[in-house]
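Heads up, the sequence shown is in numbering that gives the first Met the number 0, so the first residue is 0 and it goes up one at a time.
For each residue, glycine too, the CB sits at the ideal point set by N, CA and C.
Notes for the one structure printed next.
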Amino acid sequence: MEKALAQELIEFLYNSPSASHGVESVKTILNQAGFTEIKEADKWSLKKGDRHYVVKNDSALIAFEVGNENIEEAGFRLIGAHTDVPGFRIKPNPQMISENTYVKLNTEVYGGPILSTWYDRPLGIAGKVAVKGSSPLKPEIRLVNINKPLLIIPSLAIHMNREVNNGYKYNAQVDTLPLLGLINDKLEREDYLMNILAQELNVDKTDILNFELGLYEYEKGSLIGMNEELISSGRFDDLWMVFAGVKALVDSKATDATKVMVCIDNEEIGSRTAQGASSSILNNLLERIILGLGKDTESYYRALANSIMISADLSHAVHPNLGDKHDPTNRPVLGNGPVLKMAASGSYSTDSFNGAVFASVCESANVPFQKFVNRSDVRGGSTIGPITSALLNIPVIDMGAPVLGMHSIRELAAVKDNYYTVKAFTEFFSL
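Pasting the structure below:
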């Protein structure tokens with residue numbers, strides 16, 4: 000069962016080469032479980048047991064199941080994760096010709112990828128394209144996934160960069176531009192990428208108005224290790240937690256609280272977008288649920304006072320070769336369960352109360368868990384946890400499944416941790 004669940008995760012990740020495709024993968028799971036989409040512009044009329052989801056700007060999704068009891072007393076039970084991953088985005092007018100031979104694309108870094116891991120790997124292109132619609136104010140958004148080895152970022156030979164193995168400072172405008180192919184006399188003046196997009200979308204390229212496209216590793220993830228106990232794949236951070244939360248939402252039993260799965264975008268670049276955690280999207284939607292149930296604003300604030308959330312992002316497992324990079328007494332490893340994340344700086348939102356809640360949930364689910372803090376001389380990252388806790392004024396637990404190589408093009412996780420995390424999330428939603 001654990002390996003089957005891991006294979007399901009691998010397929011989910013491979014079918015989610017962009018945040019927007021991740022939302023489509025989530026919608027597939029939800030639709031099969033009986034959830035239906037409702038629009039922000041619709042008038043909402045809700046009742047107990049209703050299961051719906053809302054999509055924002057194609058790359059964020061919030062799903063919910065209305066609880067069995069009065070919402071102002073039972074509150075919301077939320078899990079939040081993010082759909083975006085670090086990598087490269089294609090710039091406008093991207094085509095570049097060098098040496099009268101090579102066609103390459105102008106790109107920019109998105110988030111904080113480990114740049115060296117992107118070299119010499121076949122890459123695809125995925126994202127969304129805006130084409131002419133029914134009026135200038137309503138362009139049509141189309142998803143595109145060019146699922147073939149279309150691009151590659153070639154390394155420079157060691158003979159021309161003798162110090163590369165001693166550390167190299169990458170210039171993102173020069174060193175990491177992907178090669179698209181070779182030109183010939185007949186096609187020298189062609190706009191290659193636009194031609195490819197037009198063919199994929201079956202539109203005239205003059206109808207293409209804009210795009211948001213990124214690169215992704217073409218190769219699918221796999222089970223590896225002596226007993227296939229490990230998972231090697233791209234896009235674990237943070238689509239893995241999206242997968243685990245959505246699985247838990249559809250598999251959990253009906254309960255008094257209103258269950259909410261929050262799949263937010265743009266965490267890797269600070270969350271300050273309309274579909275990011277710093278926006279009013281979650282606050283607005285939770286209030287819409289209250290109003291859709293025929294209740295008033297006071298009921299909303301009463302519901303928040305009885306609510307709790309898990310901010311689910313990944314955590315660093317102790318590295319097998321570089322153990323001294325980790326805290327001396329809190330050392331999570333692969334295979335030993337999800338990780339509770341804490342920081343005196345407030346970069347994680349876990350405190351004594353909500354941390355105890357997570358420990359109790361794991362105990363109830365018979366799931367082991369671990370704890371993570373950074374070394375005191377190492378600056379760590381942050382999550383949507385502190386942002387959401389501040390905006391909603393509710394307890395938010397910061398946790399994540401452990402990985403090695405976070406923000407690499409290919410990260411490493413354990414089969415058991417996928418199983419443990421889904422099990423813990425399902426218990427949280429079912430209590």
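Could you tell me if Q274 is buried or exposed, where buried requires 16 or more neighbouring beta carbons within 10 angstroms of its beta carbon? By 1-based counting over the sequence shown, the position of residue 274 is 275. The residue in question, Q274, is buried, as its Cβ has 16 or more Cβ neighbours within 10 Å.
If I measure Cβ to Cβ from K415 and keep anything under 6 Å in the same chain, skipping five residues before and after, which residues do I get? Residue numbering aside, residue 415 sits at position 416 when the sequence shown is read from its first letter. Taken in chain order, the residues that qualify are G334.
T254 versus N165, L8, I70 and N353, residue with shortest Cα-Cα distance: Here residue 254 is taken as the residue at index 255 of the sequence shown, counted from 1. Ranking N165, L8, I70 and N353 by Cα distance to T254 puts I70 first.
Less than 8 Å between the C-beta atoms of T382 and M308, yes or no? On the sequence shown, position 383 is the one that residue 382 refers to. On the sequence shown, position 309 is the one that residue 308 refers to. Not a contact, by the Cβ cut-off of 8 Å.
I'd like to know whether the C-beta atoms of L150 and I124 end up nearer to each other than 8 Å. One-based indexing of the sequence shown puts residue 150 at position 151. One-based indexing of the sequence shown puts residue 124 at position 125. Cβ atoms of L150 and I124: closer than 8 Å.
Ignoring anything shorter than 4 residues or poking outside the stretch 181-233, list the alpha helix (DSSP H) runs there in chain order. 191-200
By DSSP, does V356 sit in helix, in strand, or in coil? For the purposes of this step, residue 356 is taken as residue 357 along the sequence shown, with counting starting at 1. In the structure shown, V356 sits in a helix (DSSP, three-state: H, G or I).
Can you tell which of W117, K252 and I140 has the C-alpha that lies nearest to the C-alpha of I152? Translated into positions along the sequence shown, residue 152 becomes position 153. Checked all of W117, K252 and I140; the closest Cα to I152 is W117.
Would you kindly work out how many angstroms separate the C-alpha atoms of V366 and D190, rounded to a whole number? Here the question's residue 366 lines up with position 367 in the sequence shown. Here the question's residue 190 lines up with position 191 in the sequence shown. Taking the straight line joining both Cα atoms gives about 54 Å.
Got a sec? Which residues, its chain only, sit under 7 Å from D57 by beta carbon, not counting five neighbours each side? Translated into the one-based positions of the sequence shown, residue 57 becomes position 58. Excluding residues within five positions, the ones whose Cβ falls inside 7 Å are S19, V22, K127 and I140.
Is I263 buried or exposed, if buried means 16 or more other CB atoms sit within 10 Å of its CB? Stepping through the sequence shown from its first residue, residue 263 is reached at position 264. I263 should be labelled buried.
Assign E216 to buried or exposed, taking buried as 16 or more other Cβ atoms, counted over all protein chains shown, within 10 Å of its Cβ. For the purposes of this step, residue 216 is identified with residue 217 of the sequence shown, where counting begins at 1. Flag for E216 reads buried.
Which value, in whole angstroms, describes the spacing of the CA atoms of E410 and S133? Here residue 410 refers to the residue found at position 411 when the sequence shown is read from its first residue. Here residue 133 refers to the residue found at position 134 when the sequence shown is read from its first residue. Cα to Cα, the separation comes out at about 42 Å.
Please confirm whether Y418 and E1 have their CB atoms less than 8 Å apart. Taking the sequence shown and counting its residues from 1, the one referred to as residue 418 is at position 419. Taking the sequence shown and counting its residues from 1, the one referred to as residue 1 is at position 2. Yes, Cβ-Cβ distance for Y418 and E1 is below 8 Å.
Backbone secondary structure at P401 - three-state DSSP: Mapped onto the sequence shown, residue 401 falls at position 402. Three-state DSSP puts P401 in a strand.
DSSP beta-bridge partners for H445? No statement about residue 445 is possible, as the shown extent of the chain runs from 0 to 430 and does not include it.
G111 to R88, Cα distance in whole Å? The residue given as residue 111 occupies position 112 in the sequence shown. The residue given as residue 88 occupies position 89 in the sequence shown. Each residue's Cα considered, the two are about 12 Å apart.
Do you know how far the Cα of V249 is from the Cα of Y169? Taking the first residue of the sequence shown as position 1, residue 169 is located at position 170. Taking the first residue of the sequence shown as position 1, residue 249 is located at position 250. Cα-Cα distance, rounded: 43 Å.
Cα-Cα separation, P121 to N146: Sequence index remark: in the sequence shown, residue 121 carries index 122 (1-based). Sequence index remark: in the sequence shown, residue 146 carries index 147 (1-based). Cα-Cα distance, rounded: 11 Å.
Using the beta-carbon count (16 or more within 10 Å), is R234 buried or exposed? One-based indexing of the sequence shown puts residue 234 at position 235. Result: buried.
Name the DSSP bridge partner or partners of A125? By 1-based counting over the sequence shown, the position of residue 125 is 126. Beta-bridge pairing links A125 to N144 and G213.
Is there at least one Cβ from chain D nearer than 8 Å to I37's Cβ? Note that chain D does not occur in the displayed structure, where there is just one protein chain.
With 16 as the cutoff for other CB atoms within 10 Å, does K246 come out buried or exposed? Along the sequence shown, one-based indexing puts residue 246 at 247. So K246 ends up on the buried side.
With three or more C-beta pairs closer than 8 Å as the rule, is the stretch 35-53 touching the stretch 195-207? no
Taking a contact to mean a Cβ-Cβ separation below 8 Å, would you say G34 touches T257 in this structure? Taking the sequence shown and counting its residues from 1, the one referred to as residue 34 is at position 35. Taking the sequence shown and counting its residues from 1, the one referred to as residue 257 is at position 258. A quick correction: the sequence has Phe, not Gly, at residue 34. The answer is no: Cβ separation not under 8 Å.
Go ahead and label Q172 buried or exposed: buried means 16 or more other beta carbons lie within 10 angstroms of its beta carbon, across all protein chains shown. Numbered from 1 along the sequence shown, position 173 holds the residue referred to as residue 172. By the neighbour-count rule (16 or more Cβ atoms within 10 Å), Q172 is not buried but exposed.
Report the partner residues of S134 according to the DSSP bridge assignment. As a first step, residue 134 must be located in the sequence shown, where it is residue number 135. The partner list for S134 (beta bridge, DSSP) reads K137.
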